[in-house]
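Participant: Numbering (my numbering), first residue to last: 68 to 306.
Below is one structure. I have some questions about it.
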Ligand SMILES: [Cu+2]
C-alpha cells in the first residue's frame, strides 16, 4: 500500500458529567511496604474531563505491519505499571518486580467487545472495583516474583484483552493488556489523547474501551494524506 492511501487518526476521549469518586483500597497484607491504603486506578479523569487509560483500536483493520515487541509490566510500589497497554499479538511481555516483597501476576482473557461490558458504566454495587465483575475466561499465565529486580518473560500468543491481578494478598492490584491483531491500537495519555498513524483511507469502526466507563463504538472516516480528528465522549447523564 502506498503512503498516498493512508492518513492519521487522532483524537481525545472525554467524560461529560462529574466523575464518581472511587474509594481508596484497604491494604491487608504488606502494610509496612504498601501502606494502609492504595489509590484507585479504575477511573483517571483530568480536571478538563480527559479520560486516561482508554483503549483505542481499529479492530479488524489490517494493512500496516504488525511487528511483535517487548513490552514491560512492572510490579512497582504495590501497583502494576503501566495500568493499561496494547501490544501486537506474538509480543513478549517482560514481567518485573521492583518491590522487595512477593508479587504474582495472573492473566485471564476477558471479553471486552460484547454488550455485558456496558453494565459497568452504571456503577451498580457502588464505586468499588467495577472491573472485578469482568468475566474471566481462559487463564493464560500465572507467575510469581518473590525477589526485587526479578524478571520473567511471557509470550502473548492469543489476541484479546487480558486482565491482570496479583494473588499475593494484593486484591487492589489490577491492570489490562490488549493483545492486538491490528497495528492501529493505542491507549489514551493523561490528556485523553491518542494518535494512530498510517491508517488506510476509508471508513472504519473505532472501538473505545474503558474498564469503568465501558464500550463506545464510532464510525470514522480517514482521508488519505490528512489527519482526521475525533472527539469521543462518555456521557454520565446517559446512564
Ligand atoms: Cu502484589
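Beta carbons are placed, not taken as given, at the ideal position from N, Cα and C, and that holds for glycine.
Quick one: what's residue 173 bridged to in DSSP?
Facilitator: Counted from its first residue, the chain shown places residue 173 at position 106. Note: residue 173 sits in a beta bridge opposite 209 and 232.
Participant: Assign residue 302 to buried or exposed, taking buried as 16 or more other Cβ atoms, counted over all protein chains shown, within 10 Å of its Cβ.
Facilitator: Indexing the chain shown from 1 puts residue 302 at position 235. Per the 10 Å Cβ criterion, exposed.
Participant: Ligand 1 and residue 170: does the residue's C-beta get closer than 7 Å to at least one heavy atom of that ligand?
Facilitator: Taking the first residue of the chain shown as position 1, residue 170 is located at position 103. Indeed, a heavy atom of ligand 1 lies less than 7 Å from the Cβ.
Participant: Are the Cβ atoms of residue 240 and residue 146 separated by less than 8 Å?
Facilitator: Residue 240 sits at position 173 when you count from the first residue of the chain shown. Residue 146 sits at position 79 when you count from the first residue of the chain shown. Cβ atoms of residue 240 and residue 146: closer than 8 Å.
Participant: Where does residue 98 land, buried or exposed, given buried means 16+ other C-beta within 10 angstroms?
Facilitator: Along the chain shown, one-based indexing puts residue 98 at 31. Residue 98 comes out exposed.
Participant: Comparing C-alpha positions only, which one of 278, 73, 225 and 266 sits nearest to residue 243?
Facilitator: Taking the first residue of the chain shown as 1, we reach residue 243 at position 176. The shortest C-alpha separation from residue 243 is found at 278.
Participant: Report all residues from its chain with a CB closer than 6 Å to the CB of residue 191; omit the five preceding and five following residues, and keep chain order.
Facilitator: Mapped onto the chain shown, residue 191 falls at position 124. In this predicted model, residue 191 has a pLDDT of only 35, less than 50, meaning its place in the structure is not dependable; the value taken from the coordinates is given anyway. Excluding positions up to five away in sequence, the list is empty.
Participant: Is residue 237 close to ligand 1? I mean its beta-carbon at under 7 Å from any heavy atom of the ligand.
Facilitator: Taking the chain shown and counting its residues from 1, the one referred to as residue 237 is at position 170. It does: the Cβ of residue 237 is within 7 Å (strictly closer) of some heavy atom of ligand 1.
Participant: What number of angstroms, rounded off, separates the C-alpha of residue 91 from the C-alpha of residue 289?
Facilitator: Here residue 91 refers to the residue found at position 24 when the chain shown is read from its first residue. Here residue 289 refers to the residue found at position 222 when the chain shown is read from its first residue. Distance between the alpha carbons of residue 91 and residue 289 is about 41 Å.
Participant: Would you say the beta carbon of residue 142 is closer than 7 Å to some non-hydrogen atom of ligand 1?
Facilitator: Here residue 142 corresponds to residue number 75 of the chain shown, with the count starting at 1. The answer is yes for residue 142.
Participant: Return the CA-CA distance between residue 213 and residue 118, expressed in angstroms with no decimal places.
Facilitator: Position 146 of the chain shown, counted from the first residue, corresponds to residue 213. Position 51 of the chain shown, counted from the first residue, corresponds to residue 118. Between residue 213 and residue 118, the C-alpha separation is close to 34 Å.
Participant: Residue 209: buried (16+ other C-beta within 10 angstroms of its C-beta) or exposed?
Facilitator: The residue labelled residue 209 in the question sits at position 142 within the chain shown. Exposed, because fewer than 16 other Cβ atoms sit within 10 Å of the Cβ of residue 209.
Participant: Between the stretch 159-166 and the stretch 122-132, can you find at least three pairs of beta-carbon atoms closer than 8 Å?
Facilitator: Flag = no, the stretch 122-132 and the stretch 159-166 do not touch.
Participant: Go ahead and pull the three-state DSSP assignment for residue 98.
Facilitator: In the chain shown, counting from the first residue as 1, residue 98 sits at position 31. In this structure, residue 98 counts as helix in the three-state DSSP scheme.
Participant: On the three-state DSSP scale, how would you describe residue 129?
Facilitator: Numbered from 1 along the chain shown, position 62 holds the residue referred to as residue 129. Coil at residue 129, not helix or strand.
Participant: Based on the DSSP secondary-structure assignment, which residues constitute the bridge partners of residue 117?
Facilitator: Within the chain shown, numbered from 1, the residue matching residue 117 stands at position 50. Residue 117 pairs with 81.
Participant: If we ignore side chains and look at the alpha-carbon of each, how far apart do residue 94 and residue 111 end up?
Facilitator: Residue 94 sits at position 27 when you count from the first residue of the chain shown. Residue 111 sits at position 44 when you count from the first residue of the chain shown. Roughly 20 Å between the two C-alpha positions.
Participant: Pick out whichever of 179, 103 and 168 has its Cα sitting closest to the Cα of residue 201.
Facilitator: By 1-based counting over the chain shown, the position of residue 201 is 134. Nearest of 179, 103 and 168 to residue 201, Cα basis: 179.
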